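Colleague:
Number of protein chains: 2
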Amino acid sequence: MDSSPPIEATVAAPPLEGVEFLPLDECERGVIEMFVSAADVLGFPRSLGELYGLAYISPQPIHLAEVCERLKMSKGSASQGLRTLRDLGALKPVYVAGDRRDFFQPEIKMRVLVGRLLAERLRPHLERSSGALGQLKNEADATVTPQVKKFRQERIEMLGAWQKRISTFLPLLQRILR
Amino acid sequence: MDSSPPIEATVAAPPLEGVEFLPLDECERGVIEMFVSAADVLGFPRSLGELYGLAYISPQPIHLAEVCERLKMSKGSASQGLRTLRDLGALKPVYVAGDRRDFFQPEIKMRVLVGRLLAERLRPHLERSSGALGQLKNEADATVTPQVKKFRQERIEMLGAWQKRISTFLPLLQRILR
DNA sequence: CGGAAAGTTCAATCTTTTTTGAACAATCTC
DNA sequence: GAGATTGTTCAAAAAAGATTGAACTTTCCG
Chain A
223 MDSSPPIEAT VAAPPLEGVE FLPLDECERG VIEMFVSAAD VLGFPRSLGE
273 LYGLAYISPQ PIHLAEVCER LKMSKGSASQ GLRTLRDLGA LKPVYVAGDR
323 RDFFQPEIKM RVLVGRLLAE RLRPHLERSS GALGQLKNEA DATVTPQVKK
373 FRQERIEMLG AWQKRISTFL PLLQRILR
Chain B
223 MDSSPPIEAT VAAPPLEGVE FLPLDECERG VIEMFVSAAD VLGFPRSLGE
273 LYGLAYISPQ PIHLAEVCER LKMSKGSASQ GLRTLRDLGA LKPVYVAGDR
323 RDFFQPEIKM RVLVGRLLAE RLRPHLERSS GALGQLKNEA DATVTPQVKK
373 FRQERIEMLG AWQKRISTFL PLLQRILR
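Protein sequences, first through last, are from chains A and B. Residues in the first sequence are numbered consecutively from 223, following our numbering. Residues in the second sequence are numbered consecutively from 223, following our numbering.
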């Protein structure tokens with residue numbers, strides 16, 4: 223018969239059934255939007271920007287239920303997103319005595335954030351490709367046409383120079399961001 | 223030693239219908255793969271990595287038909303990809319006398335490549351968000367709870383500091399990469 | 001133990017991005 | 001001008017990526 227849920231009669235009482243947290247205000251939305259945009263620049267999904275943004279502008283540590291309700295995000299998404307950000311070092315677990323829930327605070331040291339990002343993204347690529355470079359050099363050396371061989375050797379040499387440049391640049395960046 | 227059977231039957235390749243260019247050899251494939259991986263790190267589609275990679279390891283300027291055949295890429299994709307890379311400044315048009323086709327050579331100055339990338343990606347974001355910051359400050363100032371207001375003002379202040387840091391860092395980066 | 005609370009997992013779904021291919025436009029050649 | 005060559009456009013298909021939600025595990029507590 224009537225499969226619709228029972229209509230909430232307590233209109234006067236602000237705390238509706240299942241609503242525990244305040245909706246985002248103008249300021250919070252603005253800050254979150256900024257982090258969403260940053261996430262976009264970095265190629266991260268929107269939801270990660272929302273999660274970090276909320277943590278960033280929240281005076282108190284955030285937790286799963288709050289995040290689901292205030293950002294209107296599914297539990298699955300929020301759970302995975304929080305984990306990703308924790309693994310990335312962008313959110314730090316915070317222990318709250320007598321509370322079983324997992325709370326998170328944002329890492330706000332730019333140096334740490336950038337460092338983690340580079341370690342996560344760039345380093346694997348650098349390692350893979352510096353490994354591949356040796357093999358590539360052999361293949362260039364095996365080229366028959368002398369002109370083409372020389373050209374290839376030069377270009378692959380330059381690839382190595384680029385990699386080296388990036389590798390030496392990373393520690394420098396870390397120092398600058400202190 | 224070499225356990226593979228000595229198959230060396232490939233002499234004069236039969237000129238197949240519609241096949242004008244040599245297939246990629248081991249070396250070319252390796253270099254292209256490296257740029258595909260780099261494109262991935264930067265969040266660009268695979269095809270852009272392939273296109274730039276082929277241009278990078280080709281002694282001669284590349285053109286549409288060659289790219290389609292050697293990379294097994296549709297004409298549409300190749301056309302759009304070449305355009306995107308040209309707009310980005312990663313590929314430079316080359317005039318070849320007496321040939322109506324559009325040829326391209328790669329930009330190989332790292333400083334230029336990085337500079338274009340940042341201008342394309344980061345700058346729009348920085349402009350948008352430095353515009354939004356003023357508004358955000360107002361909203362923080364309008365917060366009722368004194369503690370929360372103070373907290374928000376501090377965090378938004380820090381956002382501004384981050385932006386400034388990035389902005390001053392970009393010219394420095396350009397100088398380092400000279 | 002039984003139930004509630006918190007969090008995880010993952011197949012299905014939805015969304016966005018990328019690629020294809022055929023039609024079209026522009027330009028050259030004879 | 002007719003035909004060939006080169007490149008562009010864009011609607012549709014395919015692929016990749018993100019999100020949902022419901023079932024499940026674990027832990028806590030009386």
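Think of the CB as a built atom: it goes at the ideal place given N, C-alpha and C, for glycine as much as any other residue. What you are looking at is a predicted structure, and each value in this text was computed from that prediction instead of being measured.
#1: Residues bridged to residue 316 of chain A by DSSP?
#2: Of all Cβ atoms in chain B, is any one closer than 8 Å to the Cβ of residue 269 of chain A?
#3: If we count the other Cβ atoms within 10 Å of its Cβ and call it buried at 16 or more, is residue 362 of chain A buried or exposed?
#4: Output, in chain order, the set of chain B residues within a Cβ distance shorter than 7 Å of residue 365 of chain A.
#5: For residue 378 of chain B, which three-state DSSP category applies?
#6: Return the CA-CA distance between residue 225 of chain A and residue 300 of chain A, expressed in angstroms with no decimal places.
#7: Check this for me: beta carbons of residue 295 of chain B and residue 354 of chain A, under 8 Å apart or not?
#8: Just by C-beta distance, which residues in the stretch 300-331 of chain B are closer than 9 Å to chain A?
#9: Are the C-beta of residue 281 of chain A and some C-beta of chain B separated by less than 8 Å?
#10: Name the two residues that bound the continuous alpha helix (DSSP H) containing residue 363 of chain A.
#11: From residue 328 of chain A to residue 346 of chain A, what does the alpha carbon distance come to, in whole angstroms?
#12: Beta-carbon within less than 7 Å of residue 307 of chain B's beta-carbon, same chain only, minus the 5 sequence neighbours each way: which residues are those?
#13: Return the CA-CA distance between residue 383 of chain B and residue 253 of chain B, expressed in angstroms with no decimal places.
#14: What's the gap between the Cα of residue 291 of chain A and the Cα of residue 242 of chain A?
#15: Assign residue 393 of chain B to buried or exposed, taking buried as 16 or more other Cβ atoms, counted over all protein chains shown, within 10 Å of its Cβ.
#16: Enumerate, from N- to C-terminal direction, the unbroken beta strand (DSSP E) stretches of 3 or more residues contained entirely within the stretch 235-281 of chain B.
#17: Cα separation between residue 420 of chain B and residue 333 of chain A?
#18: Please tell me whether residue 304 of chain A and residue 342 of chain A are closer than 8 Å, where the distance is taken between their beta carbons.
#19: For chain B, is any of its Cβ atoms less than 8 Å away from the one on residue 361 of chain A?
#20: Excluding the 5 residues preceding and the 5 following residue 396 of chain B in the sequence, name in chain order all residues of the same chain whose CB lies nearer than 7 Å to its CB.
#21: So the candidates are A:348, A:250, A:370; which of them puts its Cα closest to the Cα of residue 262 of chain B?
#22: Which whole-angstrom value is the C-beta distance of residue 283 of chain A and residue 325 of chain A, which I expect to be below 8 Å?
#23: Could you confirm whether any beta carbon from chain A is found closer than 8 Å to the beta carbon of residue 295 of chain B?
#24: Residues of chain B with CB under 8 Å from residue 252 of chain A, in chain order?
#25: Closer than 7 Å by C-beta to residue 374 of chain A: which residues in its own chain qualify, once you throw out the five before and the five after it? Chain order, please.
#26: Give a yes or no on whether 8 Å exceeds the smallest Cβ distance from residue 351 of chain A to chain B.
#27: Taking all protein chains shown into account, do 16 or more other C-beta atoms lie within 10 angstroms of the C-beta of residue 277 of chain B, making it buried, or fewer, making it exposed?
#28: With C-beta atoms as the reference, is residue 398 of chain B less than 8 Å away from residue 391 of chain A?
#29: Figure out for me which residue from A:287, A:330, A:400, A:293 has the closest Cα to the Cα of residue 268 of chain A.
#30: Distance check for residue 331 of chain A and residue 317 of chain A, CA to CA, integer angstroms please.
#31: Looking only at DSSP bridge pairs, what is residue 398 of chain A linked to?
#32: For chain B, find out if any of its Cβ atoms is closer than 8 Å to the Cβ of residue 398 of chain A; answer yes or no.
#33: What residues of chain A sit near residue 377 of chain B, judged by a beta carbon separation below 7 Å?
#34: When you compare only the Cα positions, how much space is there between residue 387 of chain B and residue 340 of chain B?
#35: Name the residue from B:285, B:351, B:350 whose alpha carbon lies nearest to the alpha carbon of residue 321 of chain B.
#36: Return the CA-CA distance between residue 287 of chain B and residue 350 of chain B, expressed in angstroms with no decimal places.
Modeller: This is what the structure holds:
#1: DSSP, once it has assigned bridges, lists A:325 as partnering residue 316 of chain A.
#2: Chain B, which has no Cβ nearer than 8 Å to the Cβ of residue 269 of chain A, makes this no.
#3: Buried, since its Cβ has 16 or more Cβ neighbours within 10 Å.
#4: Proximity of chain B to residue 365 of chain A at the Cβ level (cut-off 7 Å) is accounted for by 249, in chain order.
#5: DSSP places residue 378 of chain B in helix when its eight states are reduced to three.
#6: Any answer about residue 225 of chain A is weak, because its pLDDT of 43 lies below 50 and its placement is not dependable; what the coordinates show is given next. Looking at the backbone, the Cα of residue 225 of chain A and that of residue 300 of chain A are separated by about 29 Å.
#7: Contact: no.
#8: Within the stretch 300-331 of chain B, the residues whose Cβ lies closer than 9 Å to some Cβ of chain A are 330, listed in chain order.
#9: It does; some Cβ of chain B falls within 8 Å.
#10: Judged by DSSP secondary structure, residue 363 of chain A falls within the alpha helix (DSSP H) whose first and last residues are 332-363.
#11: C-alpha of residue 328 of chain A to C-alpha of residue 346 of chain A: approximately 25 Å in a straight line.
#12: So the qualifying residues of the chain are 270, 273, 274, 313.
#13: Within the model, the alpha-carbon separation for residue 383 of chain B versus residue 253 of chain B is close to 40 Å.
#14: Linking residue 291 of chain A to residue 242 of chain A through their CA atoms gives a straight-line distance of about 8 Å.
#15: By the neighbour-count rule (16 or more Cβ atoms within 10 Å), residue 393 of chain B is not buried but exposed.
#16: The qualifying runs do not exist here; there are none.
#17: Not covered by the structure: residue 420 of chain B. The range shown for chain B is 223 to 400.
#18: Inclusion of residue 304 of chain A and residue 342 of chain A in the CB contact set at 8 Å is not warranted, their separation being larger than that value.
#19: Yes - at least one Cβ of chain B is within 8 Å of the one on residue 361 of chain A.
#20: The beta carbon of residue 396 of chain B lies closer than 7 Å to those of 333, 337 in the same chain, with the five residues before and after it left out.
#21: Of A:348, A:250, A:370, the residue nearest in Cα terms is A:348.
#22: About 4 Å; that satisfies the 8 Å criterion.
#23: Taking Cβ atoms only, chain A never reaches closer than 8 Å to residue 295 of chain B, which makes this a no.
#24: Here the neighbours are 354, 357, 358, 361.
#25: Here the set comprises 362, 365.
#26: At least one chain B Cβ lies under 8 Å of residue 351 of chain A.
#27: Its Cβ being crowded by 16 or more others within 10 Å, residue 277 of chain B is buried.
#28: Judged by their CB atoms, residue 398 of chain B and residue 391 of chain A are nearer to each other than the 8 Å cut-off.
#29: That would be A:293, whose Cα lies nearest to the Cα of residue 268 of chain A.
#30: In this structure, the straight-line span from the alpha carbon of residue 317 of chain A to that of residue 331 of chain A is close to 20 Å.
#31: In the DSSP output, where bridge partners are listed per residue, residue 398 of chain A has none listed.
#32: True, the Cβ-Cβ gap to chain B drops below 8 Å.
#33: Listed along chain A, the residues sitting closer than 7 Å to residue 377 of chain B by beta-carbon distance are 278, 279.
#34: The straight-line gap from Cα to Cα measures roughly 15 Å.
#35: Ranking the options by Cα distance to residue 321 of chain B, first place goes to B:285.
#36: Between residue 287 of chain B and residue 350 of chain B, the C-alpha separation is close to 40 Å.
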